[in-house]
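Colleague:
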Amino acid sequence: MHFGILGSGVVGLTTALELQQNYPNAQITILADRFNEETTSQVAAGIFRPGTSFAGPTREITQQWITDAFHYWDDIRRSKEAPLAGVCQLSGYIYSSTSPKIVRNPFIENLLPVYRQATEEELKLCQGDWKYGSFFTTCLTECRLFLPYATKKFIAAGGQVTRQHVSSFSEVSEQNFDVLFNCTGLGAKELCNDAQLVPMRGQVVKVRAPWVKLAFYGDYDTYILPGFEAVTLGGCRQYDSFNLNVCKYDTMAIKERCYGMLPSLKRAEVVREAVGLRPHRAVVRVESEILRLANGRTQKVVHNYGHGGYGVTTSPGTAKYAVKIARELLAGNSKL
Ligand SMILES: Cc1cc2nc3c(=O)[nH]c(=O)nc-3n(C[C@H](O)[C@H](O)[C@H](O)COP(=O)(O)OP(=O)(O)OC[C@H]3O[C@@H](n4cnc5c(N)ncnc54)[C@H](O)[C@@H]3O)c2cc1C
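Numbering (mature numbering (1 follows the signal peptide of the UniProt record, and there is no 0)), first residue to last: -16 to -1, 1 to 320.
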């Protein structure tokens, strides 16, 4: 069996590792034009916290992805691999001054080890007129560590990695992949001519603030997320923006909102700023397709893209589902 994976972000790599587990004797090749720090995945703070709008084809499947993904990350966190893979535990608060709904999350309230209403005292831990709050304990995966870790693991188990830009599915059909996994994130917009896939621009400021030990979310996309070395301050969500440059006005707005919550951050040294385009799609696309190519060939494809702001959170779950779909496709049971 010969599998191809397009993409080497968190979605491509979790798919590659899942595939190796299911098909230990298969030949598996990752093709991608960007790796590690060149990917959107590396910009993510990496907290496991799906948005309530995150959606797969059905509510049940979406919940299954999220549940599988949490167990994947939490198993790594409990293992001796955790510091190498960049997975740790993180607790924190989500606050809102406007609506109690904002601080609830049915996807994870019964999944995380702790998810509860914040007390009146806890609403005062951060500056702001907070009326509603929840406290939770989750995982954080730092892609700066996870992407190289996963690549190394993939290669050690016999996987191959090639840097290549792919402008059409026909272009890779000569490589005779039994199934090709399309994990190209925003790249799928061109590759699949998918108008439903939209960039949701985000910007973050990474600061050195080892005294901050808890995560905090406030209104207007404000978040403070301690990671392995730096604390990520965010953020913004700009729909349909392709701007990959750091915007000084976004930096100012992020700092003002985060400093407003935790004034001690004013003393934190800025390590770097980063911009990423989240591959947003109202329904994340994980499905099979048999493509009839211009060169007369056919190619079995399993798409796995469009995770928006929640690709680190959910990728191990969609990877598992994508590999299951591939197995059905190969067995000829696909509902195509
Ligand atoms: C500011 C910010 C903060 C975020 N915070 C979080 C968070 O805390 N938690 C969370 O879960 N998510 C977060 N996200 C979202 C997360 O980063 C994305 O959902 C995730 O990175 C998507 O992963 P991906 O593998 O699909 O895409 P990418 O990381 O973009 O990888 C795509 C891969 O496909 C390859 N590719 C694309 N097109 C082609 C082509 N034509 N030919 C060859 N190769 C191609 C690229 O080279 C790359 O290797 C955040 C995003 C941003 C921007």
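Glycine included, C-beta positions come from ideal geometry on N, C-alpha and C. From a predicted model like this one, the values you see are computed outputs, not experimental measurements.
Following the continuous beta strand (DSSP E) through L3, name the residue where it begins and the one where it ends.
Modeller: Run containing L3: none in the beta strand (DSSP E); it sits in the alpha helix (DSSP H), V(-7) to N6.
Colleague: Decide if the stretch 136 to 146 is in contact with the stretch 7 to 17; the criterion is three or more beta carbon pairs, one per stretch, under 8 Å apart.
Modeller: Contact holds: three or more Cβ-Cβ distances are below 8 Å.
Colleague: Following a CB-centred definition, is H287 positioned closer than 7 Å to any heavy atom of ligand 1?
Modeller: Incorrect: H287 has no Cβ contact closer than 7 Å to ligand 1.
Colleague: Going by the DSSP bridge assignment, what does Q222 pair with across the sheet?
Modeller: Q222 is bridged to R185.
Colleague: Any chance the CB of D17 is under 7 Å from a heavy atom of ligand 1?
Modeller: Checking the Cβ of D17 against ligand 1 gives yes.
Colleague: Does the count of Cβ pairs from the stretch 271 to 284 and the stretch 152 to 161 closer than 8 Å reach three?
Modeller: With the cut-off at 8 Å, the stretch 271 to 284 and the stretch 152 to 161 touch.
Colleague: Does the count of Cβ pairs from the stretch -15 to -2 and the stretch 86 to 98 closer than 8 Å reach three?
Modeller: Flag = no, the stretch -15 to -2 and the stretch 86 to 98 do not touch.
Colleague: Measure the C-alpha to C-alpha separation of K304 and F212 and round it to an integer number of angstroms.
Modeller: If you take the alpha carbons of K304 and F212, they lie about 27 Å apart.
Colleague: Cβ atoms of L261 and K137: under 8 Å apart, would you say?
Modeller: No, the pair does not count as a contact, with Cβ atoms beyond the cut-off.
Colleague: How many Å lie between G117 and V188 at the Cα?
Modeller: Taking the straight line joining both Cα atoms gives about 23 Å.
Colleague: Quick check: V182 and Y223, are their CB atoms within less than 8 Å of each other?
Modeller: Yes, they are a contact pair.
Colleague: Using CA coordinates, which residue listed in V255, V259 and Y294 is at the minimum distance from N227?
Modeller: It is V259 whose Cα lies nearest to the Cα of N227.
Colleague: Below 8 Å, can you find three or more Cβ-Cβ pairs linking the stretch 229 to 240 to the stretch 46 to 61?
Modeller: Flag = no, the stretch 229 to 240 and the stretch 46 to 61 do not touch.
Colleague: So, are the CB atoms of T125 and G70 less than 8 Å apart?
Modeller: Yes, the Cβ-Cβ distance between T125 and G70 is below 8 Å.
Colleague: How about I286 and I309: do their beta carbons lie closer than 8 Å?
Modeller: With the sequence shown as reference, residue 286 is identified as Val, and Ile is not the correct amino acid for it. Result yes, Cβ atoms of V286 and I309 sit closer than 8 Å.
Colleague: In chain order, what are the residue ranges of uninterrupted alpha helix (DSSP H) at least 4 long that sit wholly in the stretch 153 to 203?
Modeller: You should have 153 to 157 and 172 to 175.
Colleague: Thinking C-beta only, is V267 closer than 8 Å to G112?
Modeller: Result no, Cβ atoms of G112 and V267 do not sit closer than 8 Å.
Colleague: How long is the line joining the alpha carbons of L209 and R88, rounded to whole angstroms?
Modeller: Those two C-alpha atoms are separated by around 18 Å.
Colleague: Specify, as a first and last residue, the run of the alpha helix (DSSP H) that L74 falls within.
Modeller: L74 -> not in any alpha helix (DSSP H); beta strand (DSSP E) instead, spanning V71 to S80.
Colleague: I'd like to confirm something about Y79: is its beta-carbon nearer than 7 Å to some heavy atom of ligand 1, or not?
Modeller: No.
Colleague: In this structure, what does DSSP give as the bridge partners for I14?
Modeller: DSSP lists I(-12) and V145 as partners of I14.
Colleague: What's the gap between the Cα of A315 and the Cα of C176?
Modeller: Each residue's alpha carbon lies about 25 Å from the other.
Colleague: With the cut-off set at 8 Å, would you say I31 and F165 are in Cβ contact?
Modeller: Not closer than 8 Å, so no.
Colleague: Closer than 7 Å to a non-hydrogen atom of ligand 1 - does that hold for the CB of S25?
Modeller: Yes.
Colleague: Rounded to a whole number of angstroms, what is the C-alpha to C-alpha distance between E271 and H(-15)?
Modeller: If I take the Cα positions, the gap works out to 19 Å.
Colleague: Give a single yes or no on whether R269 has its beta carbon closer than 7 Å to a heavy atom of ligand 1.
Modeller: Outside the cutoff, so no.
Colleague: Is H149 near ligand 1, with its Cβ less than 7 Å from a heavy atom?
Modeller: Checking the Cβ of H149 against ligand 1 gives yes.
Colleague: Tell me the start and end of each unbroken alpha helix (DSSP H) in the stretch 230 to 300 that is at least 4 residues and wholly inside, in chain order.
Modeller: Counting only runs of 4 or more, we get 232 to 245.
Colleague: In the structure shown, what three-state DSSP assignment does P34 receive?
Modeller: The answer is coil: DSSP assigns P34 none of H, G, I, E or B.
Colleague: In angstroms, rounded to a whole number, what distance separates the CA positions of R281 and F153?
Modeller: Near 10 Å, if we compare the C-alpha coordinates of F153 and R281.
Colleague: On a CA-only basis, which of A16, A29 and T23 is nearest V215? Give me that one, please.
Modeller: Of the candidates A16, A29 and T23, the one whose C-alpha sits nearest the C-alpha of V215 is A29.
Colleague: Nearest to Y207 by alpha carbon, out of L74, T146 and I238?
Modeller: Considering only alpha carbons, the answer is I238.
Colleague: Taking the alpha helix (DSSP H) that Q47 belongs to, which residues open and close that run?
Modeller: Q47 -> alpha helix (DSSP H) spans R43 to R62.
Colleague: Report back the beta-carbon spacing between L129 and N20 to the nearest angstrom; my notes put them in contact at under 8 Å.
Modeller: The Cβ separation is near 10 Å, so there is no contact.
Colleague: I need the straight-line Cα distance from S25 to G295, nearest angstrom please.
Modeller: Roughly 8 Å separates the two Cα atoms.
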